[in-house]
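One structure is given below, encoded as structure tokens.
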Amino acid sequence: MEKQREVYAEWLRIVAAFSVVFQHTVSSAWYDAPVNSLDFFALNFMNSLARFGVGVFIMLSGAFMLSPEYSHPPKKIFTHNLPKILVVLIFWVVVYGVINTVAEGGTALDILSTPALLFTDPATHLWFLYTLAGLYLITPALRVFTEHASKNMVLYVICIFFVFGLAIPTVSHLVSKFTDVDLYRNLGIRGTTTYAGFYLAGFYLSKYGLGQKARHILYVMALVSWVLAFYYSTYVSVMTNKPNEYFFGNFQPTTFLEAAALFCLFRAKYAKQVTTNPRLIRLSACMLGVYLVHPIFLKAFYGLKLTLLGSYPLLTAPVVAVVFFALSLAFVRGLRAIPWVKKII
4 MEKQREVYAE
14 WLRIVAAFSV
24 VFQHTVSSAW
34 YDAPVNSLDF
44 FALNFMNSLA
54 RFGVGVFIML
64 SGAFMLSPEY
74 SHPPKKIFTH
84 NLPKILVVLI
94 FWVVVYGVIN
104 TVAEGGTALD
114 ILSTPALLFT
124 DPATHLWFLY
134 TLAGLYLITP
144 ALRVFTEHAS
154 KNMVLYVICI
164 FFVFGLAIPT
174 VSHLVSKFTD
184 VDLYRNLGIR
194 GTTTYAGFYL
204 AGFYLSKYGL
214 GQKARHILYV
224 MALVSWVLAF
234 YYSTYVSVMT
244 NKPNEYFFGN
254 FQPTTFLEAA
264 ALFCLFRAKY
274 AKQVTTNPRL
284 IRLSACMLGV
294 YLVHPIFLKA
304 FYGLKLTLLG
314 SYPLLTAPVV
324 AVVFFALSLA
334 FVRGLRAIPW
344 VKKII
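Add 3 to the 1-based position in the sequence shown for our numbering, that's all there is to it.
Here is the structure:
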């Protein structure tokens, strides 16, 4: 009997992966665009649309790793899940280390020392694997909580994360621009700004969901959040004459609300639907690989001295992002056809 997968999660994984590719495609040109130009305005608009990807990925991990419906005893986590992600991490740290060393004209000794980058300077996007490994480490303890806590208690912890880990630091940052008051020093709870909040939110939204009225409120809040993030980034960038992405960060209320709203939208649309469709399952299974390899194509694009600037980026950026996504997917599909390589992508 073929293994059934939840439809909403398969599609969410694909959308999240594309959003990351799209965001990196746009932001690679966004940093270089003159902030008073139409190019910057267009790129900033697209940049603001695609910041939910990593949050959705972590929520999906929490939905399955923390749910009592799925068997993840400590032994399985420490002998399967954690070693698997560490092998993937080490492999890609070395791969990107070699690529960067060769591109910069490094020596054979530099290439041999690339494993040390695991502890010093790994490729930027690999931070996600470090985060995932850390979340796996605390999963056994969190599962004790999710298996015994009531729905309201789980929601209470998520609210603590949102208010003290996201909202207060953000408000404190804004207030500090106009006064000498440090709200976070007085009201913040250290340690609440953590990806475990996204992880737990994924479990809650997957297991309990939200009622129709609550979902609609969340959708409105996410839309307002996006408008505020786009406006603030554009305004501050123009005022300071340099790109500002403060409100695009993963630990902003805006980003969390957007990720949560998208999660709820897909869960509601595909409520209780499962699939054994091999095409969808294989496509979804490639998304971590797409995340891992897409910077290779970005590097090649800019290595050829190509640019999105001055060429109607509102039109070209989405097209280029689709091309990068398709190339990454084809590359991953090819690698996954090799038996031993499948384990590290």
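Even glycine gets a Cβ: it sits at the ideal position worked out from N, Cα and C.
Cβ-based neighbour list, residue 154, same chain, cut-off 7 Å, excluding 5 preceding and 5 following: 211
Output yes or no for whether 9 Å exceeds the beta carbon distance between residue 145 and residue 202. yes
Rounded Cβ spacing between residue 62 and residue 262 (contact assumed at less than 8 Å): Contact between residue 62 and residue 262 holds, since their C-beta atoms are separated by about 6 Å, short of 8 Å.
Assigned secondary structure, residue 57 (DSSP; H/G/I helix, E/B strand, else coil): helix
Span separating the alpha-carbon of residue 81 from that of residue 314: Going by the C-alpha atoms only, they are around 50 Å apart.
Let me check understanding here. Comparing Cα to Cα, which of 281, 91, 251, 194 lies closest to residue 229? 251
To the nearest whole angstrom, what separates the beta carbons of residue 28 and residue 323, a pair I think is in contact under 8 Å? For a cut-off of 8 Å, the C-beta gap from residue 28 to residue 323 is around 6 Å, short enough to register as a contact.
What residues match up with residue 91 in a beta bridge as DSSP calls it? DSSP output for residue 91 lists no bridge partner at all.
Taking 6 Å as the limit between beta carbons, can you name the residues of its chain near residue 295, skipping five residues before and five after? 95
How would you call residue 107, buried or exposed, if buried means at least 16 neighbouring beta carbons within 10 angstroms? exposed
Is the CB-CB distance between residue 165 and residue 137 below 9 Å? No, the pair does not count as a contact, with Cβ atoms beyond the cut-off.
First through last residue of the alpha helix (DSSP H) which encompasses residue 150: 130 to 151
Taking all protein chains shown into account, do 16 or more other C-beta atoms lie within 10 angstroms of the C-beta of residue 42, making it buried, or fewer, making it exposed? Counting the other CB atoms within 10 Å of its CB gives residue 42 a total of 16 or more, which places it among the buried residues.
For residue 221, count neighbouring Cβ atoms within 10 angstroms of its own Cβ and tell me buried if that reaches 16, exposed if not. With 16 or more Cβ atoms within 10 Å of its Cβ, residue 221 is classed as buried.
Using a Cβ-Cβ cut-off of 7 Å (strictly less than) and excluding sequence neighbours within five positions of residue 64, which residues of its own chain qualify? 135, 138, 202, 205
Taking Cβ to Cβ, would you say residue 132 is nearer than 9 Å to residue 101? no
Could you give the DSSP three-state label for residue 319: helix, strand or coil? helix
For my contact list, residue 335 and residue 293 are in at a C-beta cut-off of 8 Å; report their separation, rounded to the angstrom. 6 Å
Give me, in chain order, the residues of the same chain whose beta-carbon lies closer than 6 Å to that of residue 225; leave out the 5 immediate sequence neighbours on both sides. The beta carbon of residue 225 sits closer than 6 Å to the beta carbons of 260, 261, 264 from its chain, once the five residues preceding and following it are set aside; these are given in chain order.
Which residues does DSSP pair with residue 9 in a beta bridge? 277
Of all the alpha helix (DSSP H) runs that stay within the bounds of the segment 164 to 207, which reach a length of 4 or more residues? 171 to 179, 186 to 190
Could you give the C-beta distance for residue 369 and residue 298, rounded to a whole number, given that I count them as a contact under 8 Å? Because residue 369 is not part of the residues shown, which for the chain are 4 to 348, the question remains open.
Residue 240, enclosing alpha helix (DSSP H) - first and last residue: 215 to 243
Rounded straight-line distance, which links the Cα of residue 209 to that of residue 344: 31 Å
Is any heavy atom in the ligand NAD found nearer than 8 Å to the beta carbon of residue 180? Because no ligand of any kind appears in the structure shown, any question about the ligand NAD cannot be addressed here.
Given a cut-off of 9 Å, decide if residue 46 and residue 316 are closer than it, judged by their beta-carbon atoms. yes
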